[in-house]
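Engineer: Chains as they are written, first to last, in the working numbering: chain F, 1 to 328; chain W, 1001 to 1326. Note that the Cβ used here is the ideal one computed from N, Cα and C, for glycine as well. What follows is a single structure, and I will ask about it in a moment.
Written out as structure tokens, the structure reads:
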């Protein structure tokens, strides 16, 4: 089976006041039809830029795609015209965002905003579109869809707004749904509901999902395969089981160690702190050197790590680390 | 009807405000130096002490100031703004004759300023560092800083003297006898320079304001959503962004109304436009207090009304206010 979306050696650079910095340096990822790919990493690692690149929405200026290929259904969209990109967006590739509170336009009813997407891509009368809006709102589990279609965003809760965003995203039956931290701004109970909804929708429409998150719990629950990103590169990639059960990169292990375990603090024999953390922060992009970007924060790092960047090699599954699998 | 109740409530507040304005204006005028009876007598070409006393009695100027205020308020309550010392005719009649030209001037200036200003602001927001954006910034700073009478004189030199496209002054050509559409066109032709002069002052503010508002709105999350839907830049800018950026513009439009009226006073004087501003200017020189008070009364009524309309249009434009949400 050929991939639905395929990034090969994608480079994205941004003009900043520190000069031109590389936000993505050679990302390669495949998304298979109908699967869920997780992209995980801390803030600033390039997750959201990867998502925007898939939509052809890298803000330009200041952003530039300076290398590599983004293929959707066999078509290189880095070379596509704006008109072609607009056709794909919303119809074949749809996206839901992190902030349901601010991602809907406050001055239009949610029904109008969903209908706008439908009318843009489908040959349909306004009345038909309105009927479809109600159906969609029902699909995403919004009670009283007729009344809610006439609501303005501020009249809905965060969870409801994210459901509206999902309804809008699936309105044209896209092949790929990109979800950029869709539950970060929501209550824990609502998070679970939104994930349930995304799974239902995937089962019903067979849409492939790219789930961008920093939450390893969400990865465990939702994804088939995972790519771990750090400072603009993919540093480890594999099936969700491989990544969660046998993580090879110290950074991935750190992320998994950050999942709080209930009762860990009480267990006196356990030497681990109640809440684990990875020391330090992601280095600013303009200060990246030649070595491994994680070296400064890594307990295993040696001079070799600081001098030579490790390539993404298959060591059971692809990982970019000189000390893959070693224990500190 | 919550809406009707709201409007009635606002009208009541407006009336209370007007009462305050009338009282304040009355005392301000009476605090000004000069004796109205002497002015009237002067206009009559000199008089005796006896005549002066008669004039004072006739106009109630011999009463104490509190009694005068009481009489004035009673008159206003009955819709009578008094009699002009200079024209010896009811002030209401004088003002109503001049109301049309002033409203026409103020509204067309407002229209020019808002339409052009918003268009310039939107265009320059698309490329905040671009040449057009720089031009708009310079133009709006100069337009706002320049005194309105100077702008008026420059426009006269440019478009009436060097390139004689428009008349220098007046409301309608002196010997013009046309009616209907021909008359309206002649008036419109005379309106171009005064309205542009007054408009430039406000255009600058609208351009700056809408540029800032648009830049902010274009960075909002829902704009990214609109783009992710596959909408083109035109629809993103005008449907999704401008519809939100218009909210602060509306607020300013309402607040500007008072300035618009006072700007009209200067412009009417420069262009000899027969409006309320011109009447106010002449009344000050003639110490025609009832007329001056009448003009101030109408001007404040305008501002109160304009603010009410702004509030209502705001509720119309922003569903968060209409439905009482966050």
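1. Please report the residue range of the alpha helix (DSSP H) in which residue 1121 of chain W lies.
2. Roughly how many whole angstroms lie between the Cα atoms of residue 1266 of chain W and residue 1148 of chain W?
3. Label residue 1244 of chain W either buried or exposed according to how many other C-beta atoms from any shown protein chain fall within 10 Å of its C-beta, with 16 as the threshold for buried.
4. Under 8 Å: do the segment 275-288 of chain F and the segment 3-21 of chain F share three or more Cβ pairs, one atom per stretch?
5. What three-state label does DSSP hand residue 1044 of chain W in the structure shown?
6. Using the Cβ count rule (16 or more neighbours within 10 Å means buried), how would you classify residue 82 of chain F?
7. Which one of F:203, F:101 and F:167 has the shortest CA to CA distance from residue 154 of chain F?
8. Secondary structure at residue 1315 of chain W, three-state DSSP: helix, strand or coil?
9. Are the C-beta atoms of residue 90 of chain F and some chain W residue less than 9 Å apart?
10. Quick one: what does DSSP say residue 314 of chain F is sitting in, helix, strand or coil?
11. With residue 97 of chain F and residue 180 of chain F assumed to form a contact (beta carbons below 8 Å), what rounded beta-carbon distance in angstroms separates them?
12. What in chain F is Cβ-close to residue 1222 of chain W, meaning under 7 Å?
13. Would you report the Cα separation of residue 321 of chain F and residue 308 of chain F, rounded to the nearest angstrom?
14. Within this structure, are the beta carbons of residue 28 of chain F and residue 234 of chain F separated by less than 9 Å?
15. Can you tell me whether residue 308 of chain F is helix, strand or coil according to DSSP?
16. Thinking just about the alpha-carbon of each residue, which of W:1054, W:1250 and W:1030 is nearest to the one in residue 1040 of chain W?
17. Check for me: the alpha helix (DSSP H) holding residue 1135 of chain W runs from which residue to which?
18. If you pair each beta-carbon of the segment 1107-1119 of chain W with each one of the segment 1192-1204 of chain W, do three or more pairs fall below 8 Å?
19. Looking at C-beta atoms only, is the number of pairs between the segment 1315-1322 of chain W and the segment 1066-1083 of chain W that lie closer than 8 Å three or more?
20. Under the assumption that residue 1122 of chain W contacts residue 1064 of chain W (Cβ atoms under 8 Å), give the Cβ distance between them as a whole number of angstroms.
21. Taking only the alpha-carbon atoms, compute the straight-line gap between residue 217 of chain F and residue 43 of chain F and give it to the nearest angstrom.
22. May I ask you to report which of helix, strand or coil DSSP gives residue 93 of chain F?
23. Report the CB separation of residue 219 of chain F from residue 34 of chain F in whole angstroms; it is logged as a contact under 8 Å.
24. Determine the direct distance from the alpha carbon of residue 123 of chain F to that of residue 298 of chain F, and round the result to whole angstroms.
25. Assuming contact is defined by CB atoms lying nearer than 9 Å, are residue 174 of chain F and residue 207 of chain F in contact in what I supplied?
26. When DSSP labels each residue in this structure, what does residue 203 of chain F get in the three-state scheme?
27. In the structure shown, what three-state DSSP assignment does residue 1222 of chain W receive?
28. Tell me, please, whether the segment 1226-1245 of chain W touches the segment 84-91 of chain F by the rule of three or more beta-carbon pairs shorter than 8 Å.
29. Would you decide whether residue 1263 of chain W is buried or exposed? Buried here means 16 or more other CB atoms lie within 10 Å of its CB.
30. Here's a check: name, in chain order, each residue in its chain whose Cβ is nearer than 7 Å to the Cβ of residue 1017 of chain W, leaving out the five neighbours to either side.
31. So that I know if they touch, is there some Cβ in chain W lying closer than 9 Å to that of residue 162 of chain F?
32. Among the candidates F:212, F:244 and F:197, whose CA atom is the shortest distance from the CA of residue 205 of chain F?
33. If you draw a straight line from the C-alpha of residue 1020 of chain W to the C-alpha of residue 1013 of chain W, how long is it?
34. Are there three or more Cβ pairs, one per stretch, closer than 8 Å when the segment 1079-1094 of chain W is compared with the segment 1289-1301 of chain W?
35. Checking contacts by CB at 9 Å: is residue 1229 of chain W closer than that to chain F?
36. Would you tell me roughly how many angstroms separate the C-alpha atoms of residue 268 of chain F and residue 304 of chain F, rounded to the nearest one?
Structural biologist: Let me lay it out:
1. First-last of the alpha helix (DSSP H) with residue 1121 of chain W: 1091-1126.
2. Each residue's alpha carbon lies about 7 Å from the other.
3. buried
4. yes
5. Residue 1044 of chain W sits in coil when the DSSP states are folded into three classes, being neither helix nor strand.
6. exposed
7. F:101
8. Three-state result, residue 1315 of chain W: helix.
9. yes
10. Strand.
11. 5 Å
12. 102, 103, 104 and 105
13. 10 Å
14. Going by C-beta atoms, residue 28 of chain F is nearer than 9 Å to residue 234 of chain F.
15. coil
16. Among W:1054, W:1250 and W:1030, the Cα nearest to that of residue 1040 of chain W is on W:1054.
17. 1131-1145
18. Counting C-beta pairs with one atom in each stretch, the segment 1107-1119 of chain W and the segment 1192-1204 of chain W have three or more that are closer than 8 Å, which means they touch.
19. Under the three-pair Cβ rule at 8 Å, the segment 1315-1322 of chain W does not count as touching the segment 1066-1083 of chain W.
20. The pair is not a contact, with the Cβ atoms about 58 Å apart (cut-off 8 Å).
21. 17 Å
22. Assigned with DSSP and collapsed to three states, residue 93 of chain F falls in strand.
23. 18 Å between Cβ atoms; not a contact.
24. 55 Å
25. yes
26. helix
27. Correct three-state label for residue 1222 of chain W: helix.
28. yes
29. buried
30. 1304
31. no
32. F:197
33. 11 Å
34. yes
35. yes
36. Note on residue 268 of chain F: pLDDT 47, under 50, position unreliable in the model; the coordinate value appears next. If you take the alpha carbons of residue 268 of chain F and residue 304 of chain F, they lie about 38 Å apart.
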